[in-house]
Amino acid sequence: MDEQLITLDAAEATTHYEKSKPGGYGSLRRMSAIARNTFREAVRDRVLYNLVLFVLLLTAASIFIGELSGGQERKVIVDLGLSTMLLFGMFIAIFVGVGLVYKEIERRTVYAVFSKPVGRGEFLVGKYLGLCLTLLVNVLVMGVGVSLALLYVSRGWDPLIPTIWPAVLLIYMELMLLTAIALLFSSFSSPALSALLTFLTFVIGHFSADLKTLAVSMGSTGARWFFTGLYYVLPNLSNYSFITPAAHGRTPATGFVLATAFYALVYITVILAAATLIFSRRNFK
Amino acid sequence: MNNERLKSITLGLVVVVGLGCVVLLVRWTDKLRPPVDTDVIDESLYLSDKTSRRISLAFNGLAADWYWMRSLQYVGKKIDNYEGDIRLDDLSNLNLKLLVPLLDTATTLDPEFIEPYEYAAVVLPAIDVQQAIRLTQKGINANPNAWRLYHHLGYIYWREGQYQLASETYARGAHVPGAPAWMEAMTAKLLSDGGSRSTAREIYTRMYDQSTDDQVKEMTRKHLMRLDSLDQRDGLQKVFAGYKTRTGKCPESWRELGPVLRAARIPMDQTGAPLDPSGAAYVLKAGACEVELDWRTTKVPLK
Numbered sequence: 005m006d007e008q009l010i011t012l013d014a015a016e017a018t019t020h021y022e023k024s025k026p027g028g029y030g031s032l033r034r035m036s037a038i039a040r041n042t043f044r045e046a047v048r049d050r051v052l053y054n055l056v057l058f059v060l061l062l063t064a065a066s067i068f069i070g071e072l073s074g075g076q077e078r079k080v081i082v083d084l085g086l087s088t089m090l091l092f093g094m095f096i097a098i099f100v101g102v103g104l105v106y107k108e109i110e111r112r113t114v115y116a117v118f119s120k121p122v123g124r125g126e127f128l129v130g131k132y133l134g135l136c137l138t139l140l141v142n143v144l145v146m147g148v149g150v151s152l153a154l155l156y157v158s159r160g161w162d163p164l165i166p167t168i169w170p171a172v173l174l175i176y177m178e179l180m181l182l183t184a185i186a187l188l189f190s191s192f193s194s195p196a197l198s199a200l201l202t203f204l205t206f207v208i209g210h211f212s213a214d215l216k217t218l219a220v221s222m223g224s225t226g227a228r229w230f231f232t233g234l235y236y237v238l239p240n241l242s243n244y245s246f247i248t249p250a251a252h253g254r255t256p257a258t259g260f261v262l263a264t265a266f267y268a269l270v271y272i273t274v275i276l277a278a279a280t281l282i283f284s285r286r287n288f289k
Numbered sequence: 138m139n140n141e142r143l144k145s146i147t148l149g150l151v152v153v154v155g156l157g158c159v160v161l162l163v164r165w166t167d168k169l170r171p172p173v174d175t176d177v178i179d180e181s182l183y184l185s186d187k188t189s190r191r192i193s194l195a196f197n198g199l200a201a202d203w204y205w206m207r208s209l210q211y212v213g214k215k216i217d218n219y220e221g222d223i224r225l226d227d228l229s230n231l232n233l234k235l236l237v238p239l240l241d242t243a244t245t246l247d248p249e250f251i252e253p254y255e256y257a258a259v260v261l262p263a264i265d266v267q268q269a270i271r272l273t274q275k276g277i278n279a280n281p282n283a284w285r286l287y288h289h290l291g292y293i294y295w296r297e298g299q300y301q302l303a304s305e306t307y308a309r310g311a312h313v314p315g316a317p318a319w320m321e322a323m324t325a326k327l328l329s330d331g332g333s334r335s336t337a338r339e340i341y342t343r344m345y346d347q348s349t350d351d352q353v354k355e356m357t358r359k360h361l362m363r364l365d366s367l368d369q370r371d372g373l374q375k376v377f378a379g380y381k382t383r384t385g386k387c388p389e390s391w392r393e394l395g396p397v398l399r400a401a402r403i404p405m406d407q408t409g410a411p412l413d414p415s416g417a418a419y420v421l422k423a424g425a426c427e428v429e430l431d432w433r434t435t436k437v438p439l440k
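Residue numbers (the working numbering), protein chains in the order written: chain L, 5 to 289; chain F, 138 to 440.
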């Protein structure tokens, strides 16, 4: 049944491709068709079912956490909600992200797609945007869930509700970065290895400040250059961690959010370009 | 079709009956399991606060919440296991050796988390006053604009009888933007009248008003009840003195003082005995001009 659906997806997507006109606009339409199909596939694969678990978790927390937290239920709700948002999003970005290309190759649907006038870059970017759309729906619903939980525990309007949204935006940017990284790894390695490498990048990305400190403390110039290089090359994910301040009602400065958004945009462009470069050289014969 | 249905029903029954068996087996194994070593609760933390901070990645806020709730559970379990009356600001009998590392870790993970500092300021002075000062000072260093922490540090110094230091701390807190005017007033009050009952009342009233923690509120409420009771007992002593002046002897029963007590609007029970702030009747030491709390019924702390 799934196989049939995927074939239908591919057929639908290729119909879009056929209708597309050559040039920039056509390319956008082709990527948009792939993105929509990727989103539909994620929905069919029950990726969004994690929302049910999230809602259950928040509901339970809203009801019971008051007794356990010594009057700190609002802070705990925000910490728990946003941390779960990042954690679930990370799992989706990693485990769905690494399978985006692999599944298409494994099921051989990639042949049907590439037999049409679809570039490999368009295919990758389309897949990427599709998963980003899935993650966007995920974080938006979760953000609404956290807001509702706050409304419940405060028995009315809570000043933390507007302050969580900049943190949600930063989490989404981090997930977009992770998805791009997962896609890059999956363009040249197996899903298991890609998942591991992406997870390690997530971990190291949150240690980037330590990399800088390590570089400074290194005795040899070579090691100093190496760790300084790593600090600049690896994604600086700690910039996107604003969960804890958000739980205290603090919001990031607009300039900071814009800078991190620009950083994410540039980094994602670089990663997707590298992924396209590698993927273009892959031989599917 | 019938076979399929039979199969579904059988499998459904297996699930239901199996789960029932699992519940019974768990209850059985619970009975067989040796009791948990009570020392396990005091097992040292595996991770230092700094290590916890490092490995928590982006989840440091959630980890801090977890350590905070663990601190509360830790103290709560110890209180539950303790036989006898106990007050939050005097838990020295409970051997709370993990409380400092737990609160330290919670505040290292989330330095802006004010409640663990406040909890440390209330609970720790009776256990380890230096740690209480260190943790509260850590909170002030991380949150220099949190005037409530100056109030708590001042409370610790006041509790220790260091009125000069307490006054200086309140003075520093009074300069924090948004600090209430009474912080400035406390500065002078502590210097001139540090050990007085009115200073104590002021401190506990402010703590009661500011705290969001039910345990802290309960503790301060009891302190305020005790202060009220001390005031009441002073008043009763004056009544005794007046009675003795008039009659040349101390009263044998509360009934003898009925008109005076009613005139002074002191609440009384049906026997004419005045009631303490918790609603229990005071005990008159007949012929001795002395009044006491009834330790069997009162909820006012005896000391």
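Every residue gets a Cβ at the ideal spot worked out from N, C-alpha and C, and that includes glycine. No experiment lies behind these values; they were computed from the predicted model shown.
With a threshold of 7 Å between beta carbons, is residue i in contact with chain L?
i, result
"L194/F", "yes"
"E249/F", "yes"
"L272/F", "no"
"L209/F", "yes"
Name the chain L residues whose beta carbon is nearer than 7 Å to that of residue i?
i, result
"E252/F", "G74, Q76"
"L231/F", "Neighbours of L231/F on chain L: none; closest Cβ ~17 Å, over 7 Å."
Going by DSSP in three states, residue i sits in which element: helix, strand or coil?
i, result
"K422/F", "strand"
"R224/F", "strand"
"M405/F", "strand"
"L439/F", "coil"
"L327/F", "helix"
"L215/L", "helix"
"L61/L", "helix"
"K25/L", "With a pLDDT of only 49 at K25/L, under 50, the local geometry of the prediction cannot be trusted, and no value is derived from it."
"L412/F", "strand"
"V428/F", "strand"
"L281/L", "helix"
"E7/L", "Residue confidence for E7/L is low, a pLDDT of 44 falling below 50, so the modelled location carries little weight; the figure read from the coordinates is stated next. Of the three classes helix, strand and coil, the one that applies to E7/L here is helix, per DSSP."
"R78/L", "helix"
"A97/L", "helix"
"E110/L", "helix"
Please determine whether the Cβ atom of residue i lies at a distance below 6 Å from any heavy atom of the ligand HEM.
i, result
"A283/F", "The ligand HEM is not among the ligands present in this structure, which contains no ligands whatsoever."
Suppose contacts are defined by Cβ-Cβ distances below 7 Å. Is residue i in contact with residue j by that definition?
i, j, result
"L373/F", "V428/F", "yes"
"I340/F", "Y287/F", "no"
"D83/L", "G198/F", "yes"
"A263/F", "S229/F", "yes"
"L90/L", "I168/L", "no"
"A213/L", "T232/L", "no"
"R409/F", "G424/F", "Checking the sequence shown, residue 409/F turns out to be Gly, not Arg. Contact: no."
"V157/L", "E71/L", "no"
"S275/L", "L188/L", "Per the sequence presented here, residue 275/L reads as Ile, with Ser not at that position. Yes; because the gap between Cβ atoms is below 7 Å, this pair is in contact."
"S245/L", "A195/F", "yes"
"A171/L", "L86/L", "yes"
"K303/F", "W295/F", "Contrary to the premise, residue 303/F reads as Ala rather than Lys in this sequence. Yes, these two residues count as a Cβ contact at 7 Å."
"S31/L", "E126/L", "yes"
"V51/L", "D202/F", "no"
"L241/L", "E178/L", "yes"
"K216/L", "Y235/L", "yes"
"D406/F", "L412/F", "yes"
"R285/F", "L239/F", "no"
Residues of chain F with CB under 7 Å from residue i, in chain order?
i, result
"D83/L", "G198, L199, D202"
"V80/L", "D202"
"S245/L", "A195"
Is there a Cβ from chain F that is less than 7 Å from the Cβ of residue i?
i, result
"T183/L", "no"
"L90/L", "yes"
"R228/L", "no"
"S193/L", "no"
"A251/L", "yes"
List, in order along the chain, the chain L residues whose C-beta lies closer than 8 Å to that of residue i?
i, result
"D351/F", "G74, G75"
"W205/F", "S73, G74, Q76"
Kindly list, in the order they appear in chain F, the residues whose Cβ is closer than 8 Å to that of residue i.
i, result
"T248/L", "N197, G198, A201, D247, E249"
"V207/L", "L194"
"A268/L", "None at all; the shortest Cβ gap to chain F is about 15 Å."
"S87/L", "A195, F196, G198, L199"
* Asked: Which whole runs of the alpha helix (DSSP H) in the stretch 112-164 of chain L are 4 residues long or more, in chain order?
  -> 113-118, 124-158
* Which full runs of the alpha helix (DSSP H) of 4+ residues lie inside the stretch 327-396 of chain F, going along the chain? -> 334-347, 351-384
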